[in-house]
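Below is one structure; the comments refer to it alone.
In structure tokens form, the structure reads like this:
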């Protein structure tokens, strides 16, 4: 859990990772772990979700039976590879494909990416007790990998099994536009913006990894026609019906076609190349800033590997000859483990690095609601390093400062006084988590100091209230991670802004 590559504002307080200790526990105890895993595999089509039995087994050692069960190992290199293969094979649906999530129907995105991942991990085209072959049949029966969704096209292009010309444009030049334009990336939702940022950088680079024998084999396995005969322009607008959530509008397709056919060719050749290089440098500065603000955790599991790849590409461009171990890339790797989780269904990557503040806040509310203050006092003050439920913990998880420098320039909101969803290292304040944590601290402050020590300072409470108020809209609702103002409505569409102003202010005032 500790590494010199890790950066933290509170000594990694609240971080949750699995560590490898292959010698811990007896053979009988390890056999129980394996039994739980294989029982899940046998019933995976009836019960697709896990019950976190491995974590429960570890907690069971603290009960009166004094069980001494081993920690589940998540090791380096070979152990992780075997675990990933074993887990992914179990995740197949009965039709042979993979879904977007554990209980989802098979999709081209899930099937193609999992198929490629297993092949890269060393599985042969006919390995896995027929699972690989069955998945390949599902992909081909549904049109081939050209019908995958945009994120799938992106990663397949990075790997070299999908041509970049088959992607709809994600031009990094958008980051050079004036901020007052309604389609500037800074006006996007933070979740969309944090995904589009590294995507635009890598798209602008048109980066392709080494073309290995496995990559060449995948080019033949994923498509119904020969790789050289694929109509990549047609592939830009193809999407399997299983993946289609919101069909593209005609306006979107026309706009993408114009950028793809007329704008992009100009930007990849001189003199337009100069503008592309400036845009790439701007996008990378945004990536640097976000990596620093989040201590390389980043805003979720989707942008995390994209940013890591982008930093690796950037380092390689500046240092074309040396060892590939940039400091930033190493720091990204060290934070991958924050997302990994083990249960009887194997290893998986969480969408976030936890929910520590959320869990702790609701736990405090539940305990205090019992009116058993004296009985739960020892629990609230026990000081367990991974879950210490008291005001001091909330204080340490609290964001004490805004992001460094001119944070508005980097499209960040104020964060001083807020709490994140997970730990302070996450760096993204969230309004509902701030409310939950502040409420928990106020509940704890009503309990006798003899039972609960170290209440949250009054100044910290005021900071939290100020942070919360900054999220409030005109009509009184609170946004999650940013604020939308009348000026933003006005810039997006003036007539709509007037209608919104009438509805939210004038009519609301009469009511």
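Residue numbers (UniProt numbering): 1 to 511. The C-beta atom is built at its ideal place from N, Cα and C for all residues, glycine as well. Small disclaimer: the values here were computed from a predicted structure and weren't measured.
Asked	Found
Residue 326 versus residue 315: straight-line alpha-carbon distance, rounded	6 Å
Ranges of the beta strand (DSSP E) found wholly within the region 317-356, counting only runs of at least 3	340-343 and 346-349
Where residue 106 falls: helix, strand or coil (DSSP)	strand
Three-state class that DSSP yields for residue 143 in the structure shown	coil
Residue 469, DSSP secondary structure in three states	helix
Proximity below 8 Å, CB of residue 467 to CB of residue 420	no
Minimum C-alpha distance to residue 8 - residue among 423, 443, 470 and 464	423
Of the listed residues 271, 262, 307 and 98, nearest to residue 200 (C-alpha basis)	307
DSSP-derived helix/strand/coil call for residue 99	strand
CA-to-CA distance, residue 439 to residue 274, given in whole angstroms	52 Å
Neighbourhood of residue 172 by C-beta distance below 8 Å, restricted to the same chain and skipping five residues each side	200, 201, 203, 204, 276, 279, 280, 282 and 283
Completely contained alpha helix (DSSP H) runs for the region 222-302, where each covers 4 or more residues	232-235, 250-258, 264-267 and 272-293
Local Cβ density within 10 Å of residue 509, reported as buried at 16 or more and exposed below that	At residue 509, the pLDDT of 48 sits below 50, so the modelled position is not reliable and the matter cannot be decided from this model.
Selected residue, minimal CA-CA separation from residue 210, among 446, 462, 6 and 161	161
Cut-off 7 Å between Cβ atoms - residues of its own chain near residue 137, not counting five sequence neighbours on either side	96
Of the listed residues 255, 145 and 263, nearest to residue 220 (C-alpha basis)	145
Local Cβ density within 10 Å of residue 153, reported as buried at 16 or more and exposed below that	buried
Extent of the continuous alpha helix (DSSP H) to which residue 436 belongs	431-445
Stretch pair the region 326-339 + the region 9-19: three plus CB contacts closer than 8 Å	yes
Cutoff 8 Å; reference residue 448; Cβ partners in own chain excluding five residues on either side	373
Nearest-angstrom beta carbon gap, residue 242 and residue 36 [assumed within contact, 8 Å]	Wrong, their Cβ atoms sit about 32 Å apart, outside the cutoff.
Separation of residue 299 from residue 271, as counted between CA atoms	35 Å
Environment of residue 311 [buried if 16+ CB atoms lie within 10 Å]	buried
Anticipated Cβ contact below 8 Å, residue 169 with residue 264, distance rounded	6 Å
Beta-carbon gap between residue 174 and residue 185 smaller than 8 Å	yes
Separation of residue 428 from residue 293, as counted between CA atoms	8 Å
Alpha carbon of residue 139 to alpha carbon of residue 234, nearest angstrom	18 Å
Residue 348 burial status per 10 Å Cβ neighbour count (16 or more: buried)	buried
Short Cβ contact (8 Å threshold) for residue 13 with residue 6	no
Within 8 Å, strictly: CB atoms of residue 361 and residue 436	yes
Residue 53 versus residue 31 - alpha carbon distance	14 Å
Residue 194 vs residue 303 beta-carbon contact at 8 Å	yes
Alpha carbon of residue 267 to alpha carbon of residue 158, nearest angstrom	20 Å
Cβ neighbours of residue 92 in the same chain (closer than 7 Å, five flanking residues each side left out)	98, 131 and 135
Through-space distance from residue 198 to residue 103, alpha-carbon basis	29 Å
Nearest neighbour of residue 313, chosen from 207, 56 and 289 [CA to CA]	207
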